[in-house]
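Trainee: Structure provided below as structure tokens; questions to follow.
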Amino acid sequence: MTPRDDGGAAASGVIPVPAGIQHSLISLRGVSKSYRRGGQIVPVLNGITLDVQRGDFLGLMGPSGSGKSTLLNLIAGIDKPDAGEILVDGVDITRLGESELADWRAGSVGFVFQFYNLMPVLTAFENVELPLILTSLSRRERREHVEAALGLVGLADRMEHYPSELSGGQQQRVAIARAVVTDPKLIVADEPTGDLDRHSAEEVLMLMDRLNLELGKTILMVTHDRRAADRAHAIMYLDKGELSTGGDIHERSVKEARL
Amino acid sequence: MKAIPIAYSVRNLWTRKLTTVLTAGGMALVVFVFAAVLMLDAGLRASLVASGQPDNVLVTRRASGTEIQSGVERTQAAIIESQPEIAIGPGGARVASKETVVLIAQPKRDTGVATNIVVRGVGAEGAALRPQVRIAAGRMFRFGSTEIVVGRSIAERFDGTGLGQSLRFGGREWTVVGVFDAGGSAFDSEIWGDGEQMMQSFRRNAFSSVVGRLVDPGRFDQLKRRLESDPRLTVDVKRERVFYEEQSEVMSNFIRILGLTLSVIFSIGAMIGAMITMYAAVASRTSEIGSLRALGFRRGAVVAAFLAESLFLAALGWAVGLALASLMQFVNISTMNWQSFSELAFSFALTPNIVVQSFVFALAMGLAGGVLPAVRAARLKIVDALRAA
Amino acid sequence: MNSIKLIFRNAFRHKLRTGLTVVGLVVAIMAFGLLQTVVHAWYAGADAAAPNRLITRNAISLVFPMPLHYRDKIRAVAGVRRVGAANWFGGIYQDPKNFFPQFAIDPGPYLAMYPEYRLPEDELRAFLRDRKGAVIGRKLAVTHGFKIGDTIPLQGTIYPGTWTFTVRAIYDGAAANTDTSQMFFHWDYVNETIKARMPRRADQVGVFVVQIDDPARSAEIAQAIDRQFRNSLAETLTETEKAFQLGFVAMTEAIVQAIRLVSFIVIFVILAVMANTMGMTARERLSEYATLKALGFGPGYVARLVFGESVAIAFIGAAVGIALTFPVAAWFGAKMGTLFPVFNVSGETLAMQAGCALGVGIAAAILPGRSAARVKIVEGLRAIG
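Residue numbers (numbering that gives the first Met the number 0), protein chains in the order written: chain A, 0 to 258; chain B, 0 to 388; chain C, 0 to 384.
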């Protein structure tokens with residue numbers, strides 16, 4: 000991946016990609032976003048440029064209020080930037096209308112949230128099935144996918160349990176199953192271990208590792224947790240609206256990361 | 000547009016049991032009032048309409064409104080009876096009855112209050128003209144005597160009307176020799192006797208009305224035209240069924256208008272209850288709404304899910320309310336018919352129409368109460384909703 | 000920070016919810032008030048009855064008349080000051096829907112017995128002079144725009160034919176509950192016309208209104224009057240005017256009771272709504288109540304907060320609802336026209352409205368108040384509001 004610190008003065012441009020190598024899965028160019036807070040306009044992201052390749056596992060860190068979650072939301076298509084373009088697998092999602100964006104998310108993105116965000120009134124099975132409802136799969140096909148996903152996260156025996164009957168770590172694993180059940184291009188995780196004890200956090204992180212290494216899933220993770228960040232292949236820092244690779248980069252070779 | 004599973008809406012009702020019970024309970028009460036009013040009106044009409052035969056005509060003095068206020072002189076009655084459209088019975092006599100209708104006051108058993116009862120002096124064909132009337136106990140009165148038979152409802156509600164007992168009116172004692180069942184029609188609240196005997200006792204010279212059977216129901220218009228234009232007569236000719244329908248008009252209208260007005264007003268209260276409940280539901284599930292939208296469900300799907308919840312509440316209220324209302328079928332009402340000034344007994348009648356109408360009414364309440372909160376749920380921005388975890 | 004301030008501030012924290020609850024209360028209290036007013040209107044006739052007036056009618060039924068010559072016999076009974084004949088006319092003005100009461104009366108005695116019908120001297124004299132004249136009430140005059148000198152044609156039902164009367168006087172009611180929707184004309188005129196057309200029906204009187212000296216002796220005098228006519232062709236029943244009016248109400252008792260019952264159902268509807276609201280509110284604030292208890296406020300204080308808020312909301316709703324009852328009742332009374340000639344919101348109704356609102360406010364707060372008072376500090380603090 001190629002982080003770019005684009006302060007505006009430096010030449011910003013896409014690194015010419017040699018022929019033969021696949022184009023980036025995610026490409027951000029000049030992305031800016033600001034919020035209105037009590038009459039004042041607060042800039043959060045400042046002309047961000049970013050490329051993420053297929054199979055990358057990128058950690059995003061930074062101080063509170065630095066816009067990490069905002070950046071994640073923009074890439075995941077649940078918010079729109081004020082300026083710039085975001086290409087995911089060749090599609091500029093900033094140009095999509097709301098309904099198209101919803102359909103796009105259903106097929107392309109998997110979400111993992113800090114507080115799991117499962118529906119309390121639906122069983123683990125039904126929660127994982129939710130994204131499949133948006134497809135045209137038959138009931139039987141849906142069942143197959145759900146069982147596979149729950150098997151992947153090791154909770155096949157808890158299918159009929161409600162979230163209130165599961166531990167925090169188990170709930171997060173259900174959420175991960177939900178995130179992968181449609182085989183999305185991209186998984187975004189916002190503080191996935193934020194509400195977990197050490198042991199459960201470890202389990203969840205190992206799972207995400209597997210998803211990345213064995214299934215080749217591209218993962219974007221926002222985190223405060225150093226341990227979680229260590230699992231990522233690379234870490235980027237967001238501060239005062241700008242992206243940088245920061246102090247200790249933990250980088251594995253791109254070839255090693257992508258299978 | 001793909002919908003959020005129905006289980007999501009239904010199970011959320013189950014999770015907040017007390018709220019669901021209270022909100023649905025409020026709606027149930029409103030549905031109960033709505034259905035009960037319609038049932039009361041239906042029961043009233045049923046009893047009065049059941050009184051009329053499709054092939055009978057009833058002739059009264061013009062503009063008199065009720066039989067009580069009507070007067071038909073003997074000569075006039077004879078003319079009416081002899082019309083060609085009036086059927087002739089097996090014995091050669093006209094199937095027509097010249098009737099004298101008066102009111103007497105008797106104390107009601109439960110309240111002790113003197114209430115007006117219709118006493119009908121009939122002609123020989125009087126019973127034949129009303130095939131729905133059957134003797135349930137004792138026997139029919141003998142013509143030429145001061146014997147009387149009382150309707151089922153009268154026997155139940157008034158003292159002194161049992162078999163063998165006698166009532167005093169018109170200066171004479173009249174002995175009850177039978178109780179008749181008139182199939183829930185107005186006649187259940189009447190006392191019948193020999194018309195000529197009544198005329199004598201009350202020193203009358205004019206009948207109240209003439210009832211006759213048509214040879215052919217289709218010839219009604221002919222008969223009506225001829226009689227109403229006859230200079231010797233000043234009469235109104237009506238099909239018996241229509242006549243009784245008109246008897247209930249004022250009361251029926253009052254019940255319906257008052258009842259429906261009340262239902263609408265009450266429904267505002269129930270709708271507000273639904274609105275409060277659904278707003279709270281949206282507020283407490285804001286992060287869920289965000290998640291669903293993030294997953295890819297459209298705004299419309301969110302609206303539908305919350306509306307469904309509101310409609311289920313309404314349906315629950317409807318089921319309970321209608322069940323309660325249907326219990327009213329065991330209740331009998333007896334009151335004074337405002338137009339005829341006489342005692343009328345009827346009951347609540349549950350018709351399929353009322354079942355459907357009350358269902359639609361309930362759903363309308365659910366829709367009206369749930370639409371604003373559902374729209375609010377859908378208008379949330381995804382990122383804001385997720386932040387509210 | 001005193002409790003009252005705290006209570007009101009809390010009540011309006013959730014403006015939408017509180018606002019909706021208040022609207023619900025307003026509607027319910029108003030509907031309740033309207034229904035009770037309808038029930039009262041039913042009894043208006045009985046309420047307006049004077050203790051020194053008796054009504055004599057045919058013992059069998061009101062539908063049967065009495066001979067005219069009874070009038071003199073009644074006047075001869077000890078304790079009787081005046082007697083006036085009155086016949087229910089039951090005519091139609093243009094359309095049966097335009098119903099209003101019409102009576103053929105002995106104008107002199109009858110109007111003297113009803114001092115609550117106030118009419119100017121000159122109009123009274125004009126009426127007495129004109130045999131085809133009529134006296135109408137103010138409400139009737141306003142409803143149809145009748146003025147002195149107008150002719151009112153009536154289609155007779157009991158007394159067939161077309162009858163025309165000229166308005167000579169308009170009376171106003173002395174009290175708020177006096178019926179001013181009636182029309183009176185000369186009994187003699189009606190009787191003579193009948194004598195010519197249908198002689199057999201002439202000289203028949205519907206009721207005699209009897210004024211007595213001493214209301215305390217009404218039962219005695221009533222019996223004395225009836226004794227005069229026992230075993231005659233038309234035996235009589237004499238009773239106080241109030242009993243007579245109540246007799247009518249009793250006949251439609253079932254309907255009146257049903258309306259009364261229904262008026263309380265609406266209170267239960269709003270009780271369900273309020274209980275729901277207070278329950279939700281209390282659940283959301285569990286951690287706050289726990290905090291207060293941790294600070295040292297007792298369970299009684301916390302419970303009082305809940306009750307106070309519930310009663311405050313009920314109070315606001317009731318105040319607005321009661322205020323609105325007056326214009327709504329006025330509108331309803333006008334719409335009903337002459338069906339309810341007297342339609343006033345009584346003090347009793349207002350008291351019941353206030354009482355029901357208070358009851359709802361208290362009842363709705365019982366369960367939430369109890370759980371708030373009982374919350375265990377530790378659990379409550381842990382709860383996420």
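Glycine included, each C-beta is placed from N, C-alpha and C at the ideal position. It should be emphasised that the depicted structure is a prediction, and the values quoted were computed from it without experimental measurement.
1) Against chain B, does C:F267 count as a neighbour if the rule is that its beta carbon must be under 8 Å from one of theirs?
2) Kindly say whether A:F124, judged by its beta-carbon, lies nearer than 8 Å to any beta-carbon of chain B.
3) Please report the residue range of the beta strand (DSSP E) in which B:E342 lies.
4) Have a look at C:R137, C:V359, C:I266 and flag the residue whose alpha-carbon is nearest the alpha-carbon of C:Q181.
5) Note down, in chain order, all residues in the region 272 to 300 of chain C with a beta-carbon under 7 Å from any beta-carbon belonging to chain B.
6) Mind listing which residues of the region 3 to 28 of chain B have their C-beta closer than 8 Å to chain C's C-betas, in chain order?
7) A:D78 CB to nearest chain B CB: under 8 Å?
8) Pull out every residue of the region 138 to 169 of chain C whose Cβ sits closer than 8 Å to any Cβ of chain B, in chain order.
9) To which residues of the same chain is C:K377 closer than 6 Å at the C-beta, ignoring the five residues directly before and after it?
10) Using the DSSP secondary-structure output, state which residues sit across from A:M220 in a beta bridge.
11) Distance check for C:I269 and B:F358, CA to CA, integer angstroms please.
12) Between the C-alpha atoms of A:I20 and A:D55, what's the straight-line distance to the nearest angstrom?
13) If we call anything under 8 Å between Cβ atoms a contact, is B:S208 one with B:S346?
14) Starting from C:N86, follow the beta strand (DSSP E) in both directions and report where the run begins and ends.
15) If the cut-off is 8 Å on Cβ atoms, which residues from the region 53 to 86 of chain B count as contacting chain C, listed in chain order?
16) How would you list, in chain order, the residues of chain C whose beta-carbon sits under 7 Å from the beta-carbon of B:A269?
17) With a cut-off of 8 Å on the beta carbons, I'd call C:G107 and C:L127 a contact; round off their distance for me.
18) Among A:D78, A:G83, A:E140, A:R36, whose alpha-carbon lies nearest the alpha-carbon of B:A384?
19) When the cut-off is 8 Å and only beta carbons count, does C:I365 lie next to chain B?
20) Which residues in chain C have a C-beta closer than 8 Å to the C-beta of B:G272? List them in chain order.
21) What is the C-beta distance between B:I79 and B:V58, in whole angstroms, given that I count them as a contact (C-beta under 8 Å)?
22) Relative to the C-alpha of A:R259, which candidate in A:I74, A:R53, A:V173, A:Q39 has its C-alpha closest?
23) Comparing the C-beta of B:R386 with each C-beta of chain C, is any distance below 8 Å?
24) Please list the partners that C:G246 has in chain B, where partner means a Cβ-to-Cβ separation under 8 Å.
25) Report the neighbours of B:S286 on chain A: residues whose CB is nearer than 9 Å to its CB, in chain order.
26) Tell me whether the beta-carbon of B:L232 lies closer than 8 Å to the beta-carbon of B:A86.
27) Can you tell me which of A:E125, A:M205, A:L154 puts its alpha carbon nearest to the alpha carbon of A:R141?
28) Going by DSSP in three states, A:L131 sits in which element: helix, strand or coil?
29) Note down the Cα distance separating A:E159 from A:A123, rounded to an integer number of angstroms.
30) What whole-angstrom Cβ distance do C:Y170 and C:T179 have, given they're in contact under 8 Å?
31) Along the region 194 to 221 of chain C, what residues have a CB closer than 8 Å to any CB found in chain B?
32) Going by beta-carbon coordinates alone, are A:P191 and A:Q169 separated by less than 8 Å?
33) To the nearest angstrom, how far is it from the Cα of C:V134 to the Cα of C:Q101?
34) Could you name the residues that DSSP lists as bridge partners for C:H13?
35) Which residues in the same chain as A:G66 place their Cβ atom closer than 8 Å to its Cβ, once the five residues preceding and following it in sequence are excluded?
36) Look up B:Q131 in the DSSP assignment and say whether it is helix, strand or coil.
Mentor: Taking the structure as given:
1) yes
2) no
3) 341 to 346
4) Per the Cα distances, C:R137.
5) V272, A274, N275, T276, G278, M279
6) Near chain C, meaning a CB-to-CB distance below 8 Å, the residues of the region 3 to 28 of chain B are L17, T18, L21, T22, G24, G25, L28.
7) yes
8) Q154, G155, T156, I157, P159
9) Rather than Lys, the amino acid found at residue 377 of chain C in this sequence is Val. Excluding positions up to five away in sequence, the list is empty.
10) Residue pairing by DSSP places A:M220 opposite A:G58, A:A188 in a beta bridge.
11) 21 Å
12) Any reading at A:I20 must be qualified, since the residue scores a pLDDT of 47, below 50, and its modelled position is unreliable; no value is offered.
13) No.
14) 79 to 87
15) R60, R61, A62, S63, G64, I67, Q68
16) V268
17) Indeed they touch by this definition, with Cβ atoms about 7 Å apart.
18) A:D78
19) no
20) G23, V268, A271, V272, N275
21) Between B:I79 and B:V58 the beta-carbon gap is near 5 Å, inside 8 Å, which marks them as a contact.
22) Residue 259 of chain A lies beyond the stretch modelled for chain A, which goes from 0 to 258, so this question has no answer here.
23) no
24) V112, A113
25) F112, F114, N116
26) no
27) A:E125
28) helix
29) 6 Å
30) Sure, about 7 Å apart at Cβ, within 8 Å.
31) R199
32) no
33) Within the model, the alpha-carbon separation for C:V134 versus C:Q101 is close to 10 Å.
34) DSSP output for C:H13 lists no bridge partner at all.
35) Result list for A:G66: K32, V43, L44, L237, G240, in chain order.
36) coil
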